[in-house]
Amino acid sequence: MSQTDHAVTGFPLETATPRDAPVSRERLNAQGEPPPRHAVNRVARNRVDTYIEITDQGEVIAVNGHVDLGTGVRTAFAQIVAEELDVPLARVRMVLGDTDRSPDQGPTTASASIQSAAVPMRRAAAQVRQALLARAASRWNCAVDALAVAEGVVRGPGGACATYAELARGQRFDLDVDADVPLKPSDQYRIVGRSVPRVDIPDKVTGGLVFVHDLRVPGMLHARMVRPPYRGRDAGAMIGQSLLSVDRDSVAHIPGLVAVVVKGDFVGVVARREEHAIRAARQLIVQWRTPPALPDLNDPESAVRANPSAERLLRETGDVDAALQRSEGAHAATYVWPYQMHGSIGPSCAVADYRDGAITVWSGTQNPHFLHVDIMTLLGLPDAAVRIVRMEASGCYGRNCADDAAAEAALLSREVGAPVRLQLMREEEHSWEPKGTTQVMDVRGAVTGPDTLAYAFTNRYPSNNAPVLALMQTGTLPADPIVEHKGDRTVVPQYRCSDARIAVQDMAPIVRAAWMRGVSALPNVFSHESFIDELAFRHGEDPLAFRLRFMEDARARELSQAVAARAGWQPGPSPRRAADPRRPHIRLGRGFAQHQYVHGTFPGVGSAYCAWVCDVEVDMRTGVVRVAKVWVGYDCGMVINPAGVRHQIHGNVIQSVSRALIEQVAFDQSGVVSREWGAYPILRFGDLPEVDVLIMPAQDRPPLGAGESASVPSAAAIANAIFDATGVRLRRAPFDAARLRRALEEAA
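With the working numbering applied, the sequence shown covers 538 to 1285.
So, in structure tokens, the structure goes:
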């Protein structure tokens, strides 16, 4: 167990005493959240964390520090608890990411919620069941083995019967989460492993209060921000030092204007109506210093190579330089990944209510406990005076502006002494959200034996954790460049190497960048799986058979062979350059890629395995690539909700095809210029590929997470398919029409 999993399991759940609430208790409870205000009498670092509550009505409330980002983990968590307690799924309600109620289990990232955070909750549920059975056995003077449980009802000898609610009423059991508590064997599962409808969908369909964008509280004001000219940048001497003047008189005529709040480079307007706040933000006359010019990031390789870095050697075996010098077929290639954005359909939003020296913030944050600390720092409040209530928001699968909007709403609420709702405008979200960063990857390799490779890999990854904007723009924290170890994800290829040298050039971000689905793993695997395809071509071998020669992991081999069989893979060297007989200008190609997603700092933690077979159609006249069909093989260990896993795979395919084919952020010298959908297109419905999913049976294995691993082989599989269709190797994403046309012309 991690340091944060030493919580206490108990029932009923102990919560702080509610005080006057700005939202009705009934309204928030309808979406599974507690009353919106609690007395400020807890100390989070020392408080008792509770995972399971059983109410007098027999409802089971399960608490987890992670959140549901649209991946369906709320449903999967509920299935786990219902299974271990032997209660109906409909009787379980999840509370996720509320910092007054949930344990701090770290950020919701890397598909790790089920893989890690569900484990202590499952053990807690098993311990609650164990304690309830012991109580029943004591009450009826019988052995625990003489009891049976079904649907939350315990039955004993002589017709004795009691519900969980009856056994728990008035009692509290303080139990450390026990790593050795007996868990239900998988062959006895009735709920886990079966497809069930997601529990969050009904309220979304019927318009229930689910999304933070829809939250309204009495006396709430509306706010908008006025942003500095260094669009999308969060490090450098200009941060917090660029504002020259603000002309408050320029908006004095706007009805309902409450305040213009200025602190350093933080400029916000607050009004009684949202349209008036928007109008004030647009009309406020503000003078700024001109920011220093950015390097050219539209072709980022030169800028990344010029960015100061420090090499971190992760693995070295043998002598890779000598091995490559001895090998006649040694090969080298560079792969480049562009800046990309999350493109959340709804701009980030938050509601904050500061009163009596304490604040509650309703946010779509990915990391409630991290945000909790950020707002403590920003407002100078003690731990117990801050509460984050996590609500759903528009999807991001990574760090968008949710935390920034929450912190800004919190500061504005304190300044005006009233609840404040802040929603970003589209151009703000696109400009300021931390981007999925560019990467530059250098690879050298060769075949050194019948089943071994020499492999040298260096990754340059300019990114950090994207500190909250308000902290730096107000001068609360210095805007110093921060270097984080984010380039490690799946940095080691999944092939047997006689000689290897794997390194990361750690560097600070050039523009604001954090994590995005797959983090550095998707670009790293784009490099690995493109390069292994290039080696197969140079040796005149079938790309799949060539890979299988060097695979060490039996699960990866089995998965690769299974999805290839599912797709009807025809062995043979690539490129085939097959023409569509009905459309002579169309070339047809098929590509393969696979890898296990490994997240965290090196050596990391292994997550799900994924393999793609991908069919593309390439228009040789226009350069347009269409992904026609994708077969996805997936091994994520134990599957909690098969339907949920399939949904995640489909979402991964759609998003990663869009990223591989068309997505790239454009910049000028000041910052981001892709500030509306016309400047940052995403895949349209008419371009969606057919998706065929194969989930490997692995219910006897631990769960590995399913949120993002299916995206990891995507770009390589598509690039390999384009090569198979055209003979042209694309090493820079996205594979848009202009890039492919240039490559075809050069090849001709």
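Yeah, the Cβ is synthetic: ideal placement off N, Cα and C, and Gly gets one too. Because the structure is a prediction, the values reported are computed rather than measured.
If you draw a straight line from the alpha carbon of residue i to that of residue j, how long is it in whole angstroms?
{"i": "D1156", "j": "A1274", "result": "9 Å"}
{"i": "D593", "j": "R735", "result": "26 Å"}
{"i": "E964", "j": "W1214", "result": "9 Å"}
{"i": "P1218", "j": "A1050", "result": "19 Å"}
{"i": "K1023", "j": "I1039", "result": "15 Å"}
{"i": "T989", "j": "L831", "result": "43 Å"}
{"i": "S931", "j": "A939", "result": "9 Å"}
{"i": "M1175", "j": "L1241", "result": "7 Å"}
{"i": "G801", "j": "L948", "result": "13 Å"}
{"i": "R1127", "j": "D1090", "result": "24 Å"}
{"i": "N835", "j": "G744", "result": "41 Å"}
{"i": "V1028", "j": "D1036", "result": "15 Å"}
{"i": "P1271", "j": "A1253", "result": "11 Å"}
{"i": "V1230", "j": "G730", "result": "16 Å"}
{"i": "Q778", "j": "S1207", "result": "16 Å"}
{"i": "S530", "j": "A1099", "result": "A question about residue 530 goes unanswered here, because the residues of the chain that appear run from 538 up to 1285."}
{"i": "L1006", "j": "V690", "result": "51 Å"}
{"i": "Q1201", "j": "R1054", "result": "15 Å"}
{"i": "L851", "j": "E945", "result": "39 Å"}
{"i": "P1118", "j": "P1110", "result": "21 Å"}
{"i": "A942", "j": "E966", "result": "10 Å"}
{"i": "D1224", "j": "M1233", "result": "28 Å"}
{"i": "A1165", "j": "L861", "result": "38 Å"}
{"i": "I1199", "j": "L1220", "result": "8 Å"}
{"i": "V806", "j": "A649", "result": "39 Å"}
{"i": "P625", "j": "P987", "result": "55 Å"}
{"i": "S846", "j": "V977", "result": "13 Å"}
{"i": "V1153", "j": "R1163", "result": "6 Å"}
{"i": "I791", "j": "M762", "result": "16 Å"}
{"i": "P1080", "j": "E1071", "result": "9 Å"}
For residue i, which of helix, strand or coil comes out of DSSP?
{"i": "E1248", "result": "Correcting the residue type first, residue 1248 is Ser in the shown sequence and not Glu. Here S1248 sits in helix by DSSP."}
{"i": "T700", "result": "strand"}
{"i": "R1278", "result": "helix"}
{"i": "Q820", "result": "helix"}
{"i": "G1215", "result": "coil"}
{"i": "E1227", "result": "strand"}
{"i": "A619", "result": "helix"}
{"i": "L851", "result": "strand"}
{"i": "D1273", "result": "coil"}
{"i": "S1000", "result": "coil"}
{"i": "W899", "result": "strand"}
{"i": "K1166", "result": "strand"}
{"i": "F748", "result": "strand"}
{"i": "K1023", "result": "coil"}
{"i": "P987", "result": "coil"}
{"i": "P1108", "result": "coil"}
{"i": "L1125", "result": "strand"}
{"i": "M978", "result": "strand"}
{"i": "H868", "result": "strand"}
{"i": "D1070", "result": "helix"}
Say whether chain D places a C-beta atom closer than 8 Å to the C-beta of residue i.
{"i": "V729", "result": "The chain inventory of the structure shown lacks chain D, comprising one protein chain alone."}
Measure the beta-carbon distance from residue i to residue j and round it to whole angstroms, keeping in mind my assumption that it falls under 8 Å.
{"i": "M913", "j": "V898", "result": "No, M913 and V898 are not in contact; Cβ-Cβ is about 11 Å, not under 8 Å."}
{"i": "M928", "j": "V749", "result": "4 Å"}
{"i": "V733", "j": "T612", "result": "7 Å"}
{"i": "T995", "j": "W874", "result": "Actually they do not touch by this definition, with Cβ atoms about 14 Å apart."}
{"i": "Q1031", "j": "Q1107", "result": "With a Cβ gap of about 24 Å, Q1031 and Q1107 do not count as contacting."}
{"i": "R659", "j": "E703", "result": "The Cβ separation is near 24 Å, so there is no contact."}
Which one of the options has the shortest CA to CA distance from residue i?
{"i": "G1012", "options": "Q708, G1223, L916 and F1272", "result": "L916"}
{"i": "G1077", "options": "R1113, A1099, E1095 and G1105", "result": "R1113"}
{"i": "R1158", "options": "V1150, R1120 and K1166", "result": "R1120"}
{"i": "G1170", "options": "V1161, Q1185 and R1163", "result": "Q1185"}
{"i": "P1239", "options": "L606, W1106 and A654", "result": "A654"}
{"i": "V1194", "options": "V807, L1059 and A840", "result": "L1059"}
Can we count residue i as close to the ligand ZN, meaning its CB is less than 7 Å from some heavy atom?
{"i": "E1213", "result": "Looking for the ligand ZN in the displayed structure turns up nothing, as the structure carries no ligands at all."}
Does the contact criterion of 3 or more C-beta pairs under 8 Å hold for the stretch 1036 to 1054 versus the stretch 989 to 1006?
yes
Check whether the stretch 593 to 602 and the stretch 640 to 653 touch, using three or more Cβ-Cβ pairs below 8 Å as the test.
yes
Can you find at least 3 beta carbon pairs, one from the stretch 1239 to 1259 and one from the stretch 1061 to 1070, that sit closer than 8 Å?
yes
Should the stretch 655 to 669 be regarded as contacting the stretch 708 to 722, the criterion being three or more beta carbon pairs within less than 8 Å?
yes
Per the contact definition of three or more C-beta pairs closer than 8 Å, is the stretch 1260 to 1279 in contact with the stretch 1172 to 1190?
no
Given 8 Å as the limit, is there contact between the stretch 1115 to 1124 and the stretch 1185 to 1198, that is, 3 or more CB pairs closer than that?
no
At least three beta-carbon pairs within less than 8 Å, the stretch 631 to 641 to the stretch 900 to 912:
yes
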